[in-house]
Amino acid sequence: MLSRVAASFYWLSRYIERSDGMLRMLKINYASSQDTVQEFTWEPVIRIFVGLHETDADTLDNDSRSVLKYMVTGKNNPNSILNIITLARENARGVQEHITKDLWQCLNEYYHTVKDPRIERALQREDPIGVLDVLIKQVMLYYGTVEITMERGEGRSFMNIGKYLERAIQSVDILDTKFSSVSDNPNLLTDTTYWKHLLLSLGGYELYLKTYREGFEAENILEQVVLNNDFPRSVIYSVNNIQRYFDRLKNDTNVDTYREMSFQIGRLQSRIKYSSVRSIRQEGLHGFLTQIRNELYSVGNSLNEYYFANS
Amino acid sequence: MKESAYFNQYTPINGVWDEMYGTNCNVRDHYLKVIEYISKESADDLNKKEELAKSLFMSQGITFTVYNSGEGIEKIFPFDIIPRIITASEWAFVEKGIKQRLTALNLFLKDIYNNQFIVKDGIVPIDIIYSCPHFLREMYQLKVPYDIYVHISGIDLIRDEDGTFYVLEDNLRTPSGVSYMLENREITKRLFPDLLPQCGVRSVTEYPTILYKNLLALSPRQISNPTIVLLSPGIYNSAYFEHTTLARLMGVELVEGRDLVVNNHKVYMKTTTGLQQVDVIYRRVDDEYLDPLVFNPESMLGVAGIMGAYRKGNVAIVNAIGTGVADDKAVYAYVPDMIRYYLNEEPILKNVPTHQLGNPDEREHVFKNLNNMVVKKTNGSGGYGMLMGHAASEQEIDDYKKEILKDPRNFIAQPTISLSAAPCYMQGLLKPRRVDLRPYALYGPDGIEIVPGGLTRVALKEGSLVVNSSQGGGSKDTWVLA
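Residue numbers (this note's numbering), protein chains in the order written: chain A, 2 to 312; chain B, 316 to 797.
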């Protein structure tokens, strides 16, 4: 497979996964903003998905409708849904003859849906949850189409590596942001709606209820999001999948690079697998998450160097 | 047959050959079934079909992007739902004519890049060749596989008022539009269910198969599975959709210049498992951008060193480099002489009479009759930089004359040929609009094959004679009857 094609698969998939995470986050946060007597703050969401250094974000004044507009259809926000779907589609366009026609049409439809001026209008005037649901459905269609139509080859391995790398980074970022807000404001530690919304935005609420009986405890949430291999958005589940799909890239001509990256991913996997809530607490959550994040980034860099010929 | 409302309100243009409207105010036989079919549909139904066609083009991403105030706006190439129909006998004539013309043009290229007999025998003047920017000295005595230069061509045909076919242009470099021939047919299948088999329309789906077979035969390495690639300038090229369609239909790799690298006069592509040698390149990048070491040094689209690999015979390039000298508009005037010279045959397809403005006598004549002339740049394309004498103002004509006098070699003039008209569906009515025809000919080691069909371009503006998509043109499905 051409290096450029592999890179496009990887980025296509990362962008789509990012849009999925963002949309769910926005939906739950909006719902939560309707459900609180205290001042609701959008700051963590913006911090996770945009980065506060973006000056535009400062002018949003914590107003839900302006935040949604900025995050979904904002043209000046490089990480808005509109802009990342445009990038996803350009990557797909560059590998059009490698993806199925169904998948291309599906992405096209997602793009045209986001681009439709009615979406922006509805986001301002109508029920935003309805709008976000329409977009979330587009992502689900995408994943369904990939599952049903895409050939189980090298391309799909790169797609899955991209998808799970993006997901792991997102889960780490979300945890880091949410827990650092707690250390600034210890009252949140006992605020059940705070933790409930965190779980809802990751889609892990139902699993949590089934696993833990004693209500919303920060440590249990940490355990589920980092260490529970049955939770599809946990860090360990994502890293296991990176490892799984990376394994499939092994072949006779790339033994050295394969061995090097395999070592790197294996080390990361063990680092998480042989941690416990207690050991993480001992070494400090923020330090632990920062280390994991850096390791995930360096997996991305190695792919760039060894497989995408971008060194 | 009882004539339908759609036909009754149809007014053909005076003095223009109408593809549907016969001499005795009757529908020509080959259009009967289509007219009968659409007569059963209300204007509402047809509008719905038009909408369906648009949404099919849109959802399949068959679009080109127009950049306006920094924002890309996607547009579809306008499509008219009424097919353009060509009878079996018309097609047989066209097919024969194109094969003859293409054979001669290919012999001309071989000759001009080797011994230049045609120049030595005084048939084609040497200054016309050497002043042509597409004549590339780098091709001199370079041996190409099977002596084939023009593997893919799209010769543009038009019909004058009595229906005679003329060749308007020979497109021998990287003719585009064939994906529209294929996609338009797919859309028509959806718009008019069952109508195609009823009318006995010949299939166009063989095109990618034949092209692939020809590419495969060119591989310099005698191995069972040579690497064939389609070289595209990338996703921002207006024909990118076509590149992906062809790559997909042939199952070949679509590459960009940055995916390729030359080492030791061999071309390789960069893959996730290392370098892989490339044998055949169907390139959609112009000569000028192909190799920054030999041609335009600024080019980011090409591959450094590819010309060396080509000269060594380590890679086949389709179409061959330097074919532009044969479709230059000044050389065009000599094509009938070439056919007589190389084949000892009379040309089957007519040339539009062409005046070289480099020649003072002819220039004099043209300047006197500019109102009835079309003046074109010899290396222009896409309908840009043309002067349509019958529609231009005094001021425009004077300005254009000054432009011509700066470098007369760069201009030719032709009498205004009134293109034939075909019915188009416009807001509930059928209206005549001017059309041309571009069949695609594939030249392989087994000879020339022409898929029965082609691209019919149509000037959608009332009264317009310019069919180029950049100038408000659209396209139609083109039916060749069995």
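All C-beta atoms, glycine included, are put in the ideal place defined by N, C-alpha and C.
What does a CB cutoff of less than 7 angstroms around residue i pick up in its chain, not counting 5 residues either side in sequence?
| i | result |
| --- | --- |
| R678 of chain B | L672 and P723 |
| E476 of chain B | G330, V331, W332 and S733 |
| I632 of chain B | I596, R598 and Y625 |
| L417 of chain B | V465, S468, A756, Y758 and I763 |
| L133 of chain A | L24, L27 and K28 |
| Y246 of chain A | S158, N161 and I162 |
| Y111 of chain A | I86, Q139 and Y143 |
| Y213 of chain A | N221 |
Does at least one heavy atom of the ligand NAP sit under 6 angstroms from the Cβ of residue i?
| i | result |
| --- | --- |
| L189 of chain A | The model on display carries no ligand, and the ligand NAP is accordingly not part of it. |
How would you label residue i, buried or exposed, when you count the other beta carbons within 10 angstroms and need 16 or more for buried?
| i | result |
| --- | --- |
| L575 of chain B | buried |
| Q35 of chain A | exposed |
| L720 of chain B | exposed |
| A320 of chain B | exposed |
| S202 of chain A | buried |
| K791 of chain B | buried |
| D21 of chain A | buried |
| C340 of chain B | exposed |
| N92 of chain A | buried |
| I427 of chain B | buried |
| V256 of chain A | exposed |
| T559 of chain B | buried |
| N295 of chain A | exposed |
| D602 of chain B | buried |
| P612 of chain B | exposed |
Looking only at its chain, what residues have a beta carbon closer than 6 angstroms to the beta carbon of residue i, apart from the 5 residues adjacent to it on each side?
| i | result |
| --- | --- |
| K317 of chain B | With a pLDDT of only 48 at K317 of chain B, under the threshold of 50, the placement of this residue in the model should not be trusted; the figure read from the coordinates follows. Closer than 6 angstroms at Cβ, skipping near neighbours: no residue. |
| N725 of chain B | K692 and T693 |
| I712 of chain B | L685 |
| Y165 of chain A | S239, N242 and I243 |
| V493 of chain B | Y755 |
For residue i versus residue j, is the C-beta distance shorter than 7 angstroms?
| i | j | result |
| --- | --- | --- |
| L770 of chain B | E764 of chain B | no |
| N30 of chain A | V46 of chain A | yes |
| I727 of chain B | T669 of chain B | yes |
| F480 of chain B | R488 of chain B | no |
| V582 of chain B | T542 of chain B | no |
| T254 of chain A | G620 of chain B | no |
| I175 of chain A | I17 of chain A | no |
| V236 of chain A | I273 of chain A | yes |
| P662 of chain B | P675 of chain B | no |
| P747 of chain B | P327 of chain B | yes |
| K776 of chain B | G787 of chain B | yes |
| Y740 of chain B | I397 of chain B | yes |
| V115 of chain A | I82 of chain A | yes |
| P738 of chain B | L745 of chain B | yes |
| S320 of chain A | T731 of chain B | Any question about residue 320 of chain A goes unanswered here, given that chain A covers just 2 to 312. |
| N545 of chain B | L569 of chain B | Strictly speaking, residue 545 of chain B in this sequence is Leu, with Asn absent from that position. Yes, they are a contact pair. |
What first and last residue would you give for the alpha helix (DSSP H) that runs through residue i?
| i | result |
| --- | --- |
| M160 of chain A | E155 to D185 |
| T212 of chain A | Y206 to T212 |
| R772 of chain B | Segment T771 to A774 is the beta strand (DSSP E) holding R772 of chain B; no alpha helix (DSSP H) there. |
| F682 of chain B | P675 to K683 |
| Y755 of chain B | No alpha helix (DSSP H) contains Y755 of chain B, which is instead part of the beta strand (DSSP E) from Y755 to G759. |
| Q513 of chain B | L510 to C514 |
| I137 of chain A | P129 to T150 |
| M688 of chain B | Not the alpha helix (DSSP H): M688 of chain B falls in the beta strand (DSSP E), residues M688 to K692. |
Could you check where the beta strand (DSSP E) with residue i kicks off and where it finishes?
| i | result |
| --- | --- |
| A736 of chain B | A736 to M741 |
| Y308 of chain A | Counting along the chain, Y308 of chain A falls outside any beta strand (DSSP E), and DSSP gives it neither H nor E. |
| F41 of chain A | Unbroken run through F41 of chain A: none, as it is neither H nor E. |
| S468 of chain B | I467 to R474 |
| D395 of chain B | F394 to I401 |
| R598 of chain B | V595 to R598 |
| N486 of chain B | F480 to N486 |
| V577 of chain B | L575 to N578 |
In its own chain, which residues sit with a C-beta less than 8 angstroms from the C-beta of residue i, not counting the 5 before and 5 after it?
| i | result |
| --- | --- |
| L189 of chain A | S182, V183 and Y195 |
| S629 of chain B | The sequence as given places Asn at residue 629 of chain B; Ser does not occur at that position. Closer than 8 angstroms at the Cβ level, and outside the excluded window around N629 of chain B, lie P535, H580, K581 and V582. |
| G163 of chain A | F10, Y11, W12, L13, S14, R15 and E18 |
For this session: Anything in the stretch 85–110 of chain A with a Cβ closer than 7 angstroms to a Cβ of chain B? List those residues in chain order, please.
Result: E91, R94, G95, Q97, E98, W105, Q106, N109 and E110
Exercise. What are the residues of the stretch 246–274 of chain A that lie near chain B, defined by any Cβ-Cβ distance shorter than 9 angstroms?
Worked result: L250, N252, D253, T254 and N255
Exercise. Residues in the stretch 153–181 of chain A with C-beta within 9 angstroms of chain B's C-beta atoms, listed in sequence order?
Worked result: E155 and F159
For this session: With 8 angstroms as the limit, tell me which residues of the stretch 582–597 of chain B have their beta carbon closer than that to any beta carbon of chain A; keep them in chain order.
Result: M584, K585, T586, T587, T588 and G589
Exercise. Listed from N- to C-terminal order along the chain, which residues in the stretch 499–513 of chain B have their beta-carbon within a distance smaller than 7 angstroms of any beta-carbon of chain A?
Worked result: none
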